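K.L.:
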Amino acid sequence: MTQVKSGDTVRIHYTGTLTDGSVFDSSEGRDPLEFTAGSGQIIPGLDAAILGMAPGEERTVTVPAADAYGPHDPSGRQEVPRAQVPDGIPLDPGTRLQLSRADGGAIPVTVAEVTEEVVVLDTNHPLAGQDLTFKVAVVEIA
Numbered sequence: 002m003t004q005v006k007s008g009d010t011v012r013i014h015y016t017g018t019l020t021d022g023s024v025f026d027s028s029e030g031r032d033p034l035e036f037t038a039g040s041g042q043i044i045p046g047l048d049a050a051i052l053g054m055a056p057g058e059e060r061t062v063t064v065p066a067a068d069a070y071g072p073h074d075p076s077g078r079q080e081v082p083r084a085q086v087p088d089g090i091p092l093d094p095g096t097r098l099q100l101s102r103a104d105g106g107a108i109p110v111t112v113a114e115v116t117e118e119v120v121v122l123d124t125n126h127p128l129a130g131q132d133l134t135f136k137v138a139v140v141e142i143a
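Everything in the sequence shown is counted per this note's numbering, starting at 2 for the first residue and increasing by one.
Have a look at this one:
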């Protein structure tokens, strides 16, 4: 039986949950996620967990934060003077924004805190520092 190996194009269905059981992402109701195994296109812990699985096989895996989105880095919080934030930008804590880089790229940030003087933006991934659990099923190996 064919098993997933590094370099294979793989299609999976998955449901990702936090330690409290809440779902943060799922392919349910969508096409399976397609990626190249071992290429770094998905988080390392999930990528490693599907190696050796066969089409039709299901597995539940826990991925520690270090093998998911990494630890939460306190230095990823940046204060921006409120006066420098253009009018019309939503500033509710938890709002996801994108900042433009000089090279035209984007930096995703989350509004962490707002005072009359500053807006604190967090560049950490929203799931940084969290262990994640995935129920994963290999649909196909191309």
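All residues carry an ideal CB built from backbone N, CA and C; glycine is no exception.
In this text the structure is predicted, and so the values were computed from the model without any measurement.
Over what stretch of residues does the beta strand (DSSP E) that includes Gly17 continue unbroken?
P.N.:
Here residue 17 is taken as the residue at index 16 of the sequence shown, counted from 1. Looking at the DSSP string, the run of the beta strand (DSSP E) that includes Gly17 is 10–18.
K.L.:
Just to confirm, are Thr111 and Asp123 a CB contact at a threshold of 8 Å?
P.N.:
Taking the first residue of the sequence shown as position 1, residue 111 is located at position 110. Taking the first residue of the sequence shown as position 1, residue 123 is located at position 122. Their beta carbons are under 8 Å apart, which means Thr111 touches Asp123 by this criterion.
K.L.:
If you follow the alpha helix (DSSP H) that Ile51 is in, where does it begin and where does it stop?
P.N.:
For the purposes of this step, residue 51 is identified with residue 50 of the sequence shown, where counting begins at 1. It spans 45–51 - the alpha helix (DSSP H) in which Ile51 sits, taken as one unbroken run.
K.L.:
Could you tell me the distance, in whole angstroms, from the CA atom of Val140 to the CA atom of Ala55?
P.N.:
By one-based count along the sequence shown, residue 140 stands at place 139. By one-based count along the sequence shown, residue 55 stands at place 54. Computed Cα separation, rounded: 8 Å.
K.L.:
What is the DSSP secondary structure of Asp68, reduced to helix, strand or coil?
P.N.:
In the sequence shown, residue 68 corresponds to position 67, counting from 1. Reduced to three states, the DSSP call for Asp68 is helix.
K.L.:
Taking only the alpha-carbon atoms, compute the straight-line gap between Asp9 and Arg97 and give it to the nearest angstrom.
P.N.:
In the sequence shown, counting from the first residue as 1, residue 9 sits at position 8. In the sequence shown, counting from the first residue as 1, residue 97 sits at position 96. If you take the alpha carbons of Asp9 and Arg97, they lie about 33 Å apart.
K.L.:
According to DSSP, is Gln147 part of a helix, a strand, or is it coil?
P.N.:
Outside the modelled stretch of the chain, which goes from 2 to 143, sits residue 147, for which no answer is possible.
K.L.:
Considering only C-alpha positions, which residue in the set Ala143, Ile142, Lys136 is nearest to Val62?
P.N.:
To locate residue 62, count along the sequence shown from 1; it is residue 61. Among Ala143, Ile142, Lys136, the Cα nearest to that of Val62 is on Lys136.
K.L.:
What three-state label does DSSP hand Ser28 in the structure shown?
P.N.:
The count along the sequence shown starts at 1 and reaches residue 28 at position 27. Residue state, collapsed to three classes: coil.
K.L.:
Quick check on the burial criterion: 16 or more other C-beta atoms within 10 angstroms. Buried or exposed for Ala50?
P.N.:
Reading the sequence shown from its first residue, position 49 is the one you call residue 50. Buried.
K.L.:
Can you give the beta carbon distance from Val86 to Val120, rounded, assuming they're within the 8 Å contact cut?
P.N.:
The sequence position of residue 86 within the sequence shown is 85, counting from 1. The sequence position of residue 120 within the sequence shown is 119, counting from 1. At roughly 5 Å, the Cβ-Cβ gap stays under 8 Å, so Val86 and Val120 are in contact.
K.L.:
DSSP three-state label for Arg102, please.
P.N.:
Stepping through the sequence shown from its first residue, residue 102 is reached at position 101. Three-state result, Arg102: coil.
K.L.:
Counting along the chain, where does the beta strand (DSSP E) carrying Arg108 start and finish?
P.N.:
As a first step, residue 108 must be located in the sequence shown, where it is residue number 107. Checking the displayed sequence, the identity of residue 108 turns out to be Ile instead of Arg. That run of the beta strand (DSSP E) goes 107–115.
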